[in-house]
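Quick note, the sequence shown lines up with residues 33 to 428 if you use this note's numbering.
Glycine is no exception: its CB is placed at the ideal position from the N, C-alpha and C atoms.
Below is one structure, written out as structure tokens, with a few remarks after it.
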Amino acid sequence: MLPERVEVLVVGGGIVGLAVARELSARGRGVLVIEREPELGRHASGRNSGVLHAGIYYAPESAKARTCLAGNRLMKAFCREQGLSLRESGKVIVAREPSELPVLEELFRRAAQNGARVEWLDERQLADVEPRARTVEKAIFSRDTAVVDPREVLEALRRELAGRGVPVATGCAFLGREGPGAVRTSAGTVRFSRLVNAAGAWCDRVARAWGLAEHYRLIPFKGIYRKLRPGADFDVRGNVYPVPDIRNPFLGVHFTRSAHGDLYVGPTAIPALGRANYGLLAGAEREAAGLLLADARLFLANAKFRAVALSEPRKYLAAFFHRDAARLVKGYDPALFPAADKVGIRPQLVDWRTKELVMDFLVEARDETVHVLNPVSPAFTASMELARVLAEDHFR
Ligand SMILES: Cc1cc2nc3c(=O)[nH]c(=O)nc-3n(C[C@H](O)[C@H](O)[C@H](O)COP(=O)(O)OP(=O)(O)OC[C@H]3O[C@@H](n4cnc5c(N)ncnc54)[C@H](O)[C@@H]3O)c2cc1C
């Protein structure tokens, strides 16, 4: 049974919703989280790489830059305190060709401006840190990058919330607004003083109930992975990332040693046919036609999207995926990396007036509600700091 009235109703039990519930309950607020799925982690928060990013990529004045590194520290502290898996393996960013060196240098400058600890490695030093990694001339090393098990983190947050008397009601969907201070859910009407929208890939739909997000469209991008065959040996110790196209929000196919020691390569950023299009066609049922039309309009209007749309879908084909992976490491053997069952969807907001991908997190408030509208990477890393800032800005 849901309470009929709560002080703060949080819609969405992903990492953002749980982190917000944790922050607000620590500040003495009475909170209820509703999550549509029967279990936690069915969407982005349970399907990501689990990398705690360390503040390297983001434009210095952005919300991503302001929250990523602090979030990384808070999440690490939480994992230590709760005894959760935490692999503090660091990460290298390598240049695949000389033309990438200016962007590598720009990343180093951004990292320094963001307060991230980064070092230059020459090719010999790189071999000591990551014997398999290949680069042109030099690479960036980030010591503070770490890897967690995202589902473990979600469950630990749920346990902590339960201990504070904060329910996380799974299988309960927000269905619509029922007038001021009340919403309709699949388990009945809930009245609230404040509401936080943390619905991830569905955040725009929830926001529209309050007349927000009207100029935005949400375009989902699919991330597929490959995984080192069980029992095989391939000496990648931590994380090996390429120099990304920093005009786009995606970091490129990379190697990640998971918190439990499995080696993944991926994810792609393929325009998807639905917000839950985890199969080739599955999950594309109702939205596909509208999304294809939106993709076509973006393709014509935005050269950066065009570059992604032309290069990413071919990575469904193993040969193209492997070609990307092989450019990061020496001795890559495609036979060692079959397709993994891990697939994630990154919901990306596009400003439909300019047809530009929204690069930063976006938090908007109206009446008694606050909406987290573009919870793209590194929102998992940043979540606890994002929640702290949201509480400071909107719940004082
Ligand atoms: C492939 C991939 C790799 C990534 N790698 C990283 C990484 O390494 N590091 C990093 O920091 N970030 C990474 N990210 C990004 C990160 O996963 C997301 O930024 C983060 O998980 C967003 O969290 P969220 O809580 O906003 O969304 P979600 O996890 O999607 O949670 C939203 C929840 O709201 C629920 N919901 C939706 N609608 C309703 C409704 N009407 N009623 C009730 N509940 C509802 C959904 O079921 C869902 O559980 C990655 C993402 C992907 C997809």
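Just the C-alpha distance for Asp277 and Leu139, rounded to the nearest angstrom, thanks. Between the C-alpha atoms of Asp277 and Leu139 there is a straight-line separation of about 11 Å.
Can we say the region 393-403 touches the region 282-298, given the rule of at least three CB pairs closer than 8 Å? The region 393-403 makes no contact with the region 282-298, as fewer than three CB pairs between them are under 8 Å.
With Ile278 as the anchor, note down where its alpha helix (DSSP H) starts and where it stops. Here Ile278 belongs to no alpha helix (DSSP H), and DSSP marks it neither H nor E.
Please determine whether the Cβ atom of Gly60 lies at a distance below 8 Å from any heavy atom of ligand 1. Taking non-hydrogen atoms of ligand 1 into account, the C-beta of Gly60 is found less than 8 Å away from none of them.
Report yes if the CB atom of Ala371 is closer than 9 Å to the CB atom of Ala350, and no otherwise. Their beta carbons are under 9 Å apart, which means Ala371 touches Ala350 by this criterion.
Simplified DSSP assignment, three categories, for Ser94: Of the three classes helix, strand and coil, the one that applies to Ser94 here is coil, per DSSP.
Report the rounded CA-to-CA distance for Arg385 versus Arg329, giving the unit in angstroms. Rounded to the nearest whole angstrom, the C-alpha separation of Arg385 and Arg329 is 12 Å.
Buried or exposed: Leu332, going by 16 or more other Cβ atoms within 10 Å of its Cβ? Burial call: exposed.
Terminal residues of the alpha helix (DSSP H) in which Arg378 lies: Here Arg378 belongs to no alpha helix (DSSP H); instead the beta strand (DSSP E) covers Ala371 to Asp383.
Do Ile302 and Glu246 have their CB atoms nearer than 9 Å? By the CB criterion at 9 Å, Ile302 and Glu246 fall outside the cutoff.
Where the alpha helix (DSSP H) through Thr401 begins and ends: Per DSSP, Thr401 belongs to no alpha helix (DSSP H); it is in the beta strand (DSSP E), Thr401 to Val404.
When burial is assigned at 16 or more other CB atoms within 10 Å of the CB, is Ala367 buried or exposed? It counts as exposed.
Please indicate yes or no: does the CB of Leu118 lie closer than 8 Å to some heavy atom of ligand 3? With respect to ligand 3, the structure shown offers nothing to examine, as its ligands consist of ligand 1.
Assuming Leu227 and Pro379 form a contact by the criterion Cβ under 8 Å, report the distance between their Cβ atoms to the nearest whole angstrom. That belief does not hold up - the Cβ atoms of Leu227 and Pro379 are roughly 20 Å apart, past 8 Å.
By Cβ distance, which residues of its chain are closer than 7 Å to Leu244, with the 5 residues on each side in sequence left out? Counting only residues of its own chain and dropping the five nearest sequence neighbours on each side, Leu244 has a CB closer than 7 Å to the CB of Glu396, Arg398 and His403.
Roughly how many whole angstroms lie between the Cα atoms of Asn271 and Ala165? Roughly 10 Å between the two C-alpha positions.
Between the alpha carbons of Ser81 and Asn104, how many angstroms are there, rounded? Across the structure, Ser81 and Asn104 are spaced so that their CA atoms are roughly 14 Å apart.
Ligand 1 and Glu344: does any heavy atom of the ligand fall closer than 8 Å to the residue's C-beta? Answer for Glu344: no, Cβ out of range of ligand 1.
With 16 as the cutoff for other CB atoms within 10 Å, does Met107 come out buried or exposed? By the neighbour-count rule (16 or more Cβ atoms within 10 Å), Met107 is buried.
Take Lys170 as the anchor and find which of Pro130, Leu186 and Ala194 has the nearest alpha-carbon. When each option's Cα is compared against that of Lys170, the closest is Pro130.
Can you give me the start and stop residues for the beta strand (DSSP E) that Glu210 sits inside? Judged by DSSP secondary structure, Glu210 falls outside any beta strand (DSSP E); it is assigned neither H nor E.
Report buried or exposed for Ser218, applying the criterion of at least 16 other Cβ atoms within 10 angstroms of its Cβ. Classification of Ser218: exposed, given that the 10 Å Cβ count is below 16.
C-beta atoms of Asn406 and Asp392 nearer than 9 Å: Against a cut-off of 9 Å, the Cβ pair of Asp392 and Asn406 comes out as a contact.
Could you pull out every residue in the same chain whose Cβ sits closer than 7 Å to the Cβ of Val135, ignoring the five residues on either side in sequence? Closer than 7 Å at the Cβ level, and outside the excluded window around Val135, lie Val275 and Ile278.
Are Val200 and Leu72 close, meaning C-beta to C-beta below 9 Å? Result yes, Cβ atoms of Val200 and Leu72 sit closer than 9 Å.
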